Structure formats: structure tokens, C-alpha cells
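J.:
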Amino acid sequence: MARIVMKFGGTSVADLDRIHNVARHVKREVDAGHEVAVVVSAMSGKTNELVGWVQNIPKVAGSNAPFYDAREYDAVVASGEQVTSGLLAIALQSMGINARSWQGWQIPIRTDNAHGAARILDIEGADIIRRMGEGQVAVVAGFQGLGPDNRLATLGRGGSDTSAVAIAAAVKADRCDIYTDVDGVYTTDPRIEPKARRLKKIAFEEMLEMASLGAKVLQVRSVELAMVHKVRTFVRSSFEDPDAPGMGDLLNPPGTLICDEEEIVEQEVVTGIAYAKDEAQISLRRLADRPGVSAAIFGPLAEAHINVDMIVQNISEDGSKTDMTFTVPSGDVDKALRVLGDNKEKIGYDVIQSEAGLVKVSVIGIGMRSHAGVAASAFRALADKGINIKAITTSEIKISILIDGPYAELAVRTLHSAYGLDKS
Ligand code: ADP
Ligand code: ASP
Ligand code: MG
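For the sequence shown, my numbering assigns the number 824 to the initial residue and increments by one for each residue that follows.
1) Verify whether the separation of the beta carbon atoms of A893 and G939 is less than 8 Å.
2) When every heavy atom of the ligand ASP is checked, does at least one fall within less than 7 Å of the C-beta of R838?
3) Nearest to R980 by alpha carbon, out of F966, S867, D840 and A993?
4) Taking only three categories from DSSP, how would you classify E1086?
5) Along the chain, where does the beta strand (DSSP E) that runs through M829 open and close?
6) With distances taken between CB atoms, is the gap from V836 to V828 smaller than 8 Å?
7) Should A1059 go down as buried or exposed, given a rule of 16 or more other Cβ atoms within 10 Å for buried?
8) Starting from the Cα of N921, find the closest Cα among Q929, W928, G927 and A912 and give me that residue.
9) Which two residues bound the contiguous alpha helix (DSSP H) that contains W876?
10) Does the separation of the CB atoms of L975 and A898 fall below 8 Å?
11) Could you tell me which of V1093, H843 and R1055 sits nearest to T1079, measuring between CA atoms?
12) Is it the case that the Cβ atoms of Q1090 and L1181 are separated by a distance below 8 Å?
13) Please return the same chain residues whose Cβ sits closer than 6 Å to the Cβ of K1023, not counting the five positions on each side in sequence.
14) Should the stretch 1184-1192 be called in touch with the stretch 995-1004, which here means at least 3 C-beta pairs below 8 Å?
15) Assign R942 to one of three DSSP states: helix, strand, or coil.
16) Closest by CA to G1171, which one among V1135, R1113 and V859?
17) In terms of residue numbering, what span does the alpha helix (DSSP H) encompassing I990 cover?
18) How about I1222 and A1195: are their beta carbons less than 8 Å apart?
19) A901 and T985 - do their beta-carbons sit closer together than 8 Å?
20) Residues around the ligand ADP, please: the condition is that the C-beta lies closer than 5 Å to some non-hydrogen atom of it.
21) Whole angstroms are fine: how far does the CA of L1238 sit from the CA of L1205?
22) I need the DSSP call for M1230, collapsed to helix, strand or coil.
23) Given a cut-off of 8 Å, decide if E904 and A964 are closer than it, judged by their beta-carbon atoms.
24) Let's see if you can read the secondary structure: which residues bound the beta strand (DSSP E) around Q1042?
25) Say the cut is 7 Å; is the CB of D1207 nearer than that to a heavy atom of the ligand MG?
26) Of the residues H843, K830, G1243 and R851, which one's Cα is nearest the Cα of V1092?
27) Following a CB-centred definition, is T1145 positioned closer than 7 Å to any heavy atom of the ligand ASP?
28) Decide if W876 is buried, meaning its Cβ has at least 16 other Cβ atoms within 10 Å, or exposed.
29) If contact is defined by three or more beta carbon pairs under 8 Å, each pair taking one atom from either stretch, is the stretch 926-935 in contact with the stretch 943-950?
30) Going by other Cβ atoms of all chains shown within 10 Å of its Cβ, with 16 needed for buried, is S1143 buried or exposed?
31) Given a threshold of 16 other Cβ atoms within 10 Å of its Cβ, counted over all protein chains shown, does A1125 qualify as buried or as exposed?
32) Give the straight-line distance between the Cα atoms of A1049 and A1179, rounded to the nearest whole angstrom.
33) Taking its Cβ as the centre, do 16 or more other Cβ atoms sit within 10 Å of V1051, making it buried, or is it exposed?
34) Measure the CB-CB distance between A989 and I946 and report whether it falls below 8 Å.
35) Any beta-carbon of chain B closer than 8 Å to the one on L1163?
36) Which residue from D935, L1225 and I1081 puts its Cα closest to that of Y1250?
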């Protein structure tokens, strides 16, 4: 007997038939004698609809501030998961399974106060553990918890993955299965590159990079938690027949295991390619080349909660003036330009230029630590396709390249094939 946390994403609970199908996956594990907690997302598209409602409330005449109370945003957008948790509990009950729904505040899943992007601080797992021991399935609404202000708090988009891994850690589950609409983690998004290969295993560090560089198959924070708490996490498909052979395999279920790199015997140099759309580039021209300039630029941007990513500074020709280029999410360009405009005197630049709609394509692999020339192959491959590189950043296990938006798909496929990742 094992204790298993099963998480089902939006497409897996998109309608009543799919919820019924999810219930069959849960029944399989219950019938095998396991203790089960389930985490659900909202029906696919629901959270987007709820966010849209919040953002489109008509403003007071004369006001153009896109303001709304983040606590009320959370009250609205957390509702999608309340619906699916109740529906799944009913579907399970109709199959004769003892089940009940749990909202984040009932457990409680305690978070910090960052409404809209809260972090889980603590989960009181005792009640769920006791009831699981009595044979009851806990159906937990993902994406939500209870803030220190006693208000609903949501965990940021894709946050149900994090709910699942955090609950798995709290109840000391033997396994956390993230069921989604693909049957595992692939070498790149299989919707962009049909030649992508499913990985049997991927190291935590690589999955962390893949997720933070755009692969939305897992929320970044869920991977961090799985790594820190050593939660055995699988990504697998909810669309396979719940009773197909091997689906109930306890040690090797079908899908991709996220694990320590030591567990991976055949480590490739490059494991995967990720991409992030909607990047924007801002350049400050003819800045004074003196100490304190970077602080004058990036301090105010940080205070405005603008996430700056790639930063490139030119070497000045004469030691007096230089240029600085960096990227921010496209949605933050206007805000960033305003902040930089307000600080023009202090920073001391000549002109600002900006360009939105760019894409960051990244090559990821732990094997890069011990191999030279990995970056050069990427540059060559992109050059052969006539793709211009606007900025580059590297770390020990990744290379990120900024390019024009329309080239995203071509660049992903080109790099995928350049590193021999295409399936044969
Ligand atoms: P869910 O609603 O189940 O949480 P998501 O849409 O958040 O599902 O994540 C699954 C999607 O992630 C897939 O449909 C796929 O298009 C995308 N994806 C991006 N990169 C990868 C990758 N490397 N491997 C698998 N899926 C990926
Ligand atoms: N429903 C939330 C979202 O769409 C959380 C999730 O699906 O993981 O972001
Ligand atoms: Mg998701």
C-alpha cells in the first residue's frame, strides 16, 4: 500500500465526461489499496475567463489606472477550482468511493500575503492523513490557500502543480503524479515540434530551467518544492485508458520522472529546448560609463516589481559613454519606460529604444557543464537559417538566445534538430 497524490490539470477536468474519466483514474489507485489525495485545477479556460472579468470591470470615468484589489482578484479566480473539486468528489461518490472536497482554507494551506502570486508556507496535513487512513479520498482545490490576512490567496498561474507537490510533501506521499494533456515531459513542447521525444527521466535542475525558461508543463515553484522535499514526481497523461496495462504500476508508471541527476544513467549533453514568448528589449543609449549607473537603472525597476532578465552592457569605446540593453516581459514595457523616464536625470542617458514581441529560446542540459562548444553549435545552426541573435545569456546548464518573435517555431525546431533531439 502506498500514499499517492494525483493532480489533474485544466484539460483533464474540462467537462463532465473528463471528470468522470479522472474519477476512473482515482478509482484504479483506490481499488489497488492506496491512500489517495487528489488536486484539481479549474476547467480549462475557466481561470482565463475569471481573470478577464476582473480586468474588465468598467473603470470610473476619468480614471485609467488598471487597478483592482488583489484580494478580490483571488476571491474571483480561485472559484474555478472550488467547482471542479466538488464535481470530482460527487463523481467519485457516484462510483461508490468515499470522497470529500477540500478548499485551501479548510485544510488549511497557509500562504504568504502576496495575493495573486502567493507562496505556500505551511500545510496542516494531519486531518487529511487521518481521513485517508479511514479510506476517504481528499479532493483538494488546487491553486489556492489562506493568507495571513485570513483571505483566499492564489499561487500564480499554473499553481495547482505547486499545490499538489506541497500536499505530497506535507502528507509524506510516496509519489506525486501530475496528470496532464501530454504523456510526459518532452525534449521540447510537442505542440511546436512533433519530432520531440518523451523523456523517461529529467533531473530536477534541468526541469527547473525548462519551467523557468517557458515550458509550462510544470509551474517552477512545484519543481523547487519537489527538489527540496524529495517528492517523487511523475508527469503523465490523463487521456490514456485508466485501466490500460501498466497504468497502475507503483514504481514505474508511464510518464516522466523528475529526479536527482544521479538517477539518470545516460545523460545527454543537451536535454531540451524551451521558449518564452512576449519578451521585450529596452536599450539605453549613451549612458555615462561610471560606477552606480546600473544601480540607478535597475534599482527603480526592481522597486516597481519589473522583472529584468537578460542584461547586456557594451564596452565603451572611449571610456566615457556606453549602451545598456536588457529584457523585460512585453506586458511591462510601458511601465518600465515610465520608470526610466522618471529617473532620466539620475541615470543620465541620451535616448531610450524599445522593441516588444521578441522570443527567448533556451538550450538546457546538465551535460553542458563538462562539454565545450555547445553554444557555438546553437549560433551556427541559427545563422544557417538566417535567424538574427539579439542577445545571449548563459549559465552552467543553459544558453538563452533572444530573437525576433516570428522566428520562434523555426528556432525551436532548428535547435532541437541541431542537438540530435529529434526522434528517429
Ligand atoms: P495542465 O492544464 O494539465 O496544467 P498545462 O497546459 O499547464 O497543462 O501544461 C501542459 C502543456 O505544456 C502541454 O500541453 C504542452 O503543450 C506544454 N509543454 C511545453 N513544453 C513542454 C515539454 N517540454 N514537455 C511537455 N509539455 C510541454
Ligand atoms: N487554474 C489555474 C490556472 O489556470 C491553476 C492551474 O491550472 O494550475 O492558472
Ligand atoms: Mg499547468
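Just so you know, even glycine gets a beta-carbon here, dropped at the ideal spot from N, CA and C.
This structure is a prediction, so every number in the text was calculated from the model and none was measured.
T.: In terms of the structure at hand:
1) Yes, these two residues count as a Cβ contact at 8 Å.
2) Sequence check: residue 838 is Asp here, not Arg. Not under cutoff, so the answer is no.
3) Taking only the C-alpha atoms, the option nearest R980 is F966.
4) DSSP places E1086 in helix when its eight states are reduced to three.
5) DSSP places M829 inside the beta strand (DSSP E), whose first and last residues are R826 to F831.
6) V836 is not a Cβ neighbour of V828, given a cutoff of 8 Å.
7) Per the sequence shown, residue 1059 should be read as Arg rather than Ala. Buried, because 16 or more other Cβ atoms sit within 10 Å of the Cβ of R1059.
8) It is A912.
9) Counted as a single uninterrupted DSSP element, the alpha helix (DSSP H) harbouring W876 occupies residues K869 to Q878.
10) Yes, the pair counts as a contact, with Cβ atoms nearer than the cut-off.
11) For the residues V1093, H843 and R1055, the minimum Cα distance to T1079 belongs to R1055.
12) No, the Cβ-Cβ distance between Q1090 and L1181 is not below 8 Å.
13) Excluding sequence neighbours, K1023 sits near nothing in its chain.
14) A contact is defined here as three or more CB-CB pairs under 8 Å, and the stretch 1184-1192 fails this definition with respect to the stretch 995-1004.
15) Three-state DSSP puts R942 in coil, outside helix and strand.
16) Out of V1135, R1113 and V859, the CA that lies nearest to the CA of G1171 is found in R1113.
17) In the DSSP assignment, I990 falls within the alpha helix (DSSP H) that extends over S983 to A993.
18) The answer is no: Cβ separation not under 8 Å.
19) At least 8 Å separates the beta-carbon of T985 from that of A901.
20) Cβ-based neighbours of the ligand ADP within the cut-off: G832, G833, T1003, D1004, V1005, V1008, Y1009, D1012, R1014, A1038, K1039 and V1040.
21) Looking at the backbone, the Cα of L1205 and that of L1238 are separated by about 7 Å.
22) For the record, residue 1230 in the displayed sequence is Tyr; it is not Met. Secondary structure of Y1230 (DSSP, three-state): helix.
23) Going by C-beta atoms, A964 is nearer than 8 Å to E904.
24) Premise fails: Q1042 is in no beta strand (DSSP E) and is neither H nor E.
25) No, the ligand MG has no heavy atom inside 7 Å of this Cβ.
26) The residue with the shortest Cα to Cα distance from V1092 is G1243.
27) No, the Cβ of T1145 stays beyond 7 Å of every heavy atom of the ligand ASP.
28) Around the beta carbon of W876, a 10 Å sphere encloses fewer than 16 other beta carbons of the protein chains shown; the residue is thus reported as exposed.
29) Touching, yes, given that three or more Cβ pairs across the two stretches are closer than 8 Å.
30) The C-beta of S1143 has fewer than 16 other C-beta atoms within 10 Å across all chains shown, which makes the residue exposed.
31) Exposed: under 16 other Cβ atoms inside 10 Å.
32) Cα to Cα, A1049 sits roughly 34 Å from A1179.
33) With fewer than 16 Cβ atoms within 10 Å of its Cβ, V1051 is classed as exposed.
34) Yes, the Cβ-Cβ distance between A989 and I946 is below 8 Å.
35) Here chain B cannot be found, since the structure has a single protein chain.
36) A question about residue 1250 goes unanswered here, because the residues of the chain that appear run from 824 up to 1247.
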